[in-house]
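Notes for the one structure printed next.
Residue numbers (the numbering used here), protein chains in the order written: chain A, 2 to 114; chain B, 44 to 158.
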């Protein structure tokens, strides 16, 4: 399953399928990007980050892709599990700046058993 | 190593009262950030502090809101004369000094309800 930009707030996928969550960031000068997972009633939890000198970074079951030309970021989750159900936010920042993060609106991921 | 701690977790205030939110950063972290999250929205930056210094308060409302991070003790976000529109989740994040790429670790948040 795949979300399209920030206009599709909910992504519903079958357990075991791959998920792709998209994000369009705002500042072409941003050079550091983070994906956070937020479960209901909890604070954001770091998933994976990427610097602007990279196009792709892989973690455990997750991959982040960065396309600076179109200011687009995506998070791929392999073999989605029920525990992946949450809201996912991308965040951008400018290194060496004050460090404040600018968050996207978020995508709700629902995993169907 | 305990994570970022925030208290209280839930706070109920009547209009006109004061709200005080506390944040203890992770051990060894000297940078504290406050964010506000309205229902169904992303987090919005409010203020960035280091010990005894406000570094960036560009996201803070001009009136009624203030923040501090004293030499000793937690960081405090203070909201005076609360209004219903202040109802939100307030998150604190911390990061260690000296990093160029700034990974921030978030606390569980304080959920403020203004009656």
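Cβ atoms here follow ideal geometry from the backbone N, Cα and C, with glycine treated the same way. The model shown is predicted, which means the values in this text are computed figures rather than measured ones.
query: Can you list the residues of chain B that residue 38 of chain A reaches, using a CB-CB cut of under 8 angstroms?
result: From the beta-carbon of residue 38 of chain A, no residue of chain B is found nearer than 8 angstroms; the closest lies around 11 angstroms away.
query: To which residues does DSSP link residue 47 of chain B through a beta bridge?
result: According to DSSP, residue 47 of chain B bridges with nothing at all.
message: Please confirm whether residue 1 of chain A has its beta-carbon closer than 8 angstroms to some beta-carbon of chain B.
response: Only positions 2 to 114 of chain A appear in this structure, which leaves residue 1 of chain A out of reach.
- prompt: For residue 14 of chain A, which residues of its own chain have a beta-carbon under 8 angstroms away from its beta-carbon, when the five flanking residues on both sides are left out?
  reply: The residues are 2, 20, 81, 110, 111, 112, 113.
- prompt: Whose C-alpha, out of A/43, A/73, A/85, A/105, is nearest the C-alpha of residue 55 of chain A?
  reply: Sorting A/43, A/73, A/85, A/105 by C-alpha distance to the C-alpha of residue 55 of chain A places A/73 at the top.
message: With distance defined between alpha-carbon atoms, name the residue in A/25, A/79, A/43 nearest to residue 60 of chain A.
response: Out of A/25, A/79, A/43, A/79 has the C-alpha closest to the C-alpha of residue 60 of chain A.
message: Whole angstroms are fine: how far does the CA of residue 103 of chain A sit from the CA of residue 63 of chain A?
response: C-alpha separation (whole angstroms): 21 angstroms.
- prompt: Is residue 111 of chain B near residue 118 of chain B, with beta carbons less than 8 angstroms apart?
  reply: For residue 111 of chain B and residue 118 of chain B, yes; Cβs fall inside 8 angstroms.
field: Segment contact flag, the segment 118 to 129 of chain B with the segment 58 to 68 of chain B, C-beta cutoff 8 angstroms, min 3 pairs
entry: Contact between the segment 118 to 129 of chain B and the segment 58 to 68 of chain B is present, with at least three C-beta pairs closer than 8 angstroms.
query: Which chain B residues sit within Cβ distance under 8 angstroms of residue 106 of chain A?
result: The contacting residues are 84, 85.
- prompt: Where residue 30 of chain A and residue 95 of chain B are concerned, what is the direct C-alpha to C-alpha distance, given to the nearest angstrom?
  reply: Cα-Cα distance, rounded: 30 angstroms.
Cα-Cα separation, residue 116 of chain B to residue 17 of chain A: Each residue's alpha carbon lies about 46 angstroms from the other.
- prompt: By the criterion of Cβ-Cβ separation under 8 angstroms, what are the contact partners of residue 138 of chain B in chain A?
  reply: Neighbours of residue 138 of chain B on chain A, chain order: 100.
- request: Mark residue 137 of chain B as exposed unless 16 or more other C-beta atoms lie within 10 angstroms of its C-beta, in which case mark it buried.
  value: Buried, because 16 or more other Cβ atoms sit within 10 Å of the Cβ of residue 137 of chain B.
- prompt: I think residue 94 of chain A touches residue 33 of chain A, with their Cβ atoms under 8 angstroms apart; what is that distance to the nearest whole Å?
  reply: Indeed they touch by this definition, with Cβ atoms about 5 angstroms apart.
message: Can you tell me whether residue 105 of chain B is buried or exposed? The criterion is at least 16 other CB atoms within 10 Å of its CB, across all chains shown.
response: Under this definition residue 105 of chain B is an exposed residue.
query: For residue 37 of chain A, which beta-bridge partners are listed by DSSP?
result: A/47, A/90.
query: Since residue 56 of chain B is in the beta strand (DSSP E), which residue starts that stretch and which ends it?
result: Segment 53 to 56, the beta strand (DSSP E) holding residue 56 of chain B.
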